[in-house]
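Numbering (the numbering used here), first residue to last: 34 to 406.
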């Protein structure tokens, strides 16, 4: 399979596919190497929520990054859908965050509203009556909430497939079931990716291997502390549509889907690469979900799944050039925000490779912070 390209991307999840899409649109010859199937890992296991407000209480730069990324969806989605003929089911319905007791309502939600509005987000405060008018299926225990109008949700599985097809439209090549086994280098410069199917010579290497990034980067003599965090979810089929928009609470997230089901999630478990669904976790998710929407108990659990979120030990994604290498970039460690952060991450990597531009405000996310680890 020996090939040449301008850029080789390792990893066919939403981050890798978005980077391939942006680079191929810019006229570069791109090859994507994926050990399994495109989008089959964390990207397809996600909830599909575009929720920068989740990061409002974290590092300010992280919140700003995801807010900027969320604002990119209304522009790129129509273009992507037109190019590929794939609907990604982007729904700008807003996200409803609800409180299950008065203390939570006045503390957690007030803080979210304050932080979001400080950055220009449109947020409406709702009392119990207004909430139940908006979403009648909510439990009586729900006593208040906020509607964040600038947030949205998307079919994450279809998004990855559309990005891969969009990149292919611009002549990117994808190799599924292809395992990267090493690199050929000289004096800190990447020359070629070695795989079980042959060698791919390229001018630049992008590492977008999600929860496997630590393992891959060790072959590049760099420790990137990204490890898997298992997230379990389930889908409940209901007789009639219960929700008009996603609901977030201290009990988790409920996401209505186009097929009428509700996705319930999610756990965060540091158990290594163990993808099992466990009875305890599934029972807990069901209990939490029915606490917020009791009618879910009348539905049928039609499937359950889990995925490995790429968790970085300092809570920040890893985006940028790899120290001591001239032409290697990393885009990993997005944890629960990979779908939300994918457009801005692809933009940053594209500007770095195509234009040689690095925004110094992004230095907080650079792999260089781990250079001495």
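Virtual Cβ for every residue (Gly too), placed ideally from N, Cα, C.
No experiment lies behind these values; they were computed from the predicted model shown.
Are the Cβ atoms of residue 377 and residue 241 separated by less than 8 Å?
-> Within the chain shown, the letter at position 344 stands for residue 377. Within the chain shown, the letter at position 208 stands for residue 241. The beta carbons of residue 377 and residue 241 sit no closer together than 8 Å.
Does the Cβ-Cβ distance between residue 259 and residue 398 come in under 8 Å?
-> Stepping through the chain shown from its first residue, residue 259 is reached at position 226. Stepping through the chain shown from its first residue, residue 398 is reached at position 365. Not a contact, by the Cβ cut-off of 8 Å.
Would you kindly report the start and end of the unbroken alpha helix (DSSP H) that includes residue 99?
-> The sequence position of residue 99 within the chain shown is 66, counting from 1. Here the alpha helix (DSSP H) through residue 99 covers 93-103.
Would you give the residue range spanned by the beta strand (DSSP E) that residue 181 belongs to?
-> Along the chain shown, read from residue 1 onward, the residue named residue 181 stands at position 148. Segment 177-181, the beta strand (DSSP E) holding residue 181.
Candidates 191, 171, 111: which alpha carbon is nearest residue 275's?
-> Looking up residue 275 in the chain shown gives position 242. Nearest of 191, 171, 111 to residue 275, Cα basis: 171.
What residues match up with residue 156 in a beta bridge as DSSP calls it?
-> As a working note, residue 156 is residue 123 in the chain shown. As DSSP reads the structure, residue 156 sits in a beta bridge with 181.
Can you tell me whether DSSP reads residue 390 as helix, strand or coil?
-> Along the chain shown, one-based indexing puts residue 390 at 357. Three-state DSSP puts residue 390 in coil, outside helix and strand.
What are the partner residues of residue 128, as DSSP defines its beta bridges?
-> Counting from 1 along the chain shown, the entry for residue 128 is found at position 95. Bridge partners of residue 128: 181.
Nearest residue (CA-CA) to residue 295, options 185, 262, 330 | Against the chain shown, residue 295 aligns to sequence position 262. The candidate whose alpha carbon is nearest that of residue 295 is 330.
Do residue 189 and residue 81 have their C-beta atoms within less than 8 Å of each other?
-> Counting from 1 along the chain shown, the entry for residue 189 is found at position 156. Counting from 1 along the chain shown, the entry for residue 81 is found at position 48. Yes, they are a contact pair.
Residue 60 by DSSP, collapsed to three states: which one?
-> Stepping through the chain shown from its first residue, residue 60 is reached at position 27. Looking at residue 60 - three-state DSSP - the assignment turns out to be coil, as it is neither helix nor strand.
CA-CA distance, residue 361 and residue 394?
-> The count along the chain shown starts at 1 and reaches residue 361 at position 328. The count along the chain shown starts at 1 and reaches residue 394 at position 361. For residue 361 and residue 394, the distance between alpha carbons rounds to 20 Å.
What is the DSSP secondary structure of residue 278, counted as helix, strand or coil?
-> Position 245 of the chain shown, counting from 1, holds the residue named residue 278. It is coil, neither helix nor strand.
Leaving aside the five residues before and after residue 145 along the sequence, list all residues of the same chain whose C-beta is less than 7 Å from its C-beta, in chain order.
-> Indexing the chain shown from 1 puts residue 145 at position 112. Result list for residue 145: 86, 89, 130, 179, in chain order.
Rounded separation between residue 355 and residue 403 - CA only = Reading the chain shown from its first residue, position 322 is the one you call residue 355. Reading the chain shown from its first residue, position 370 is the one you call residue 403. In a straight line, the C-alpha of residue 355 is about 10 Å away from that of residue 403.
Could you check if residue 120 is buried or exposed, using at least 16 other CB atoms within 10 Å of its CB as the buried criterion?
-> One-based indexing of the chain shown puts residue 120 at position 87. Under this definition residue 120 is an exposed residue.
Residues bridged to residue 352 [DSSP beta-bridge criterion] | Position 319 of the chain shown, counting from 1, holds the residue named residue 352. In the DSSP output, where bridge partners are listed per residue, residue 352 has 364.
Inter-residue spacing [alpha-carbon to alpha-carbon] between residue 61 and residue 217 | The count along the chain shown starts at 1 and reaches residue 61 at position 28. The count along the chain shown starts at 1 and reaches residue 217 at position 184. Their backbone Cα atoms lie some 21 Å apart in a straight line.
Cβ contact check for the stretch 206-220 and the stretch 266-284: 3 or more pairs under 8 Å = Contact between the stretch 206-220 and the stretch 266-284 is not established, with fewer than three Cβ pairs separated by less than 8 Å.
What are the start and end residues of each continuous beta strand (DSSP E) run of 3 or more residues lying completely inside the stretch 281-352, in chain order?
-> Complete beta strand (DSSP E) runs here, min 3: 285-289, 295-298, 333-345.
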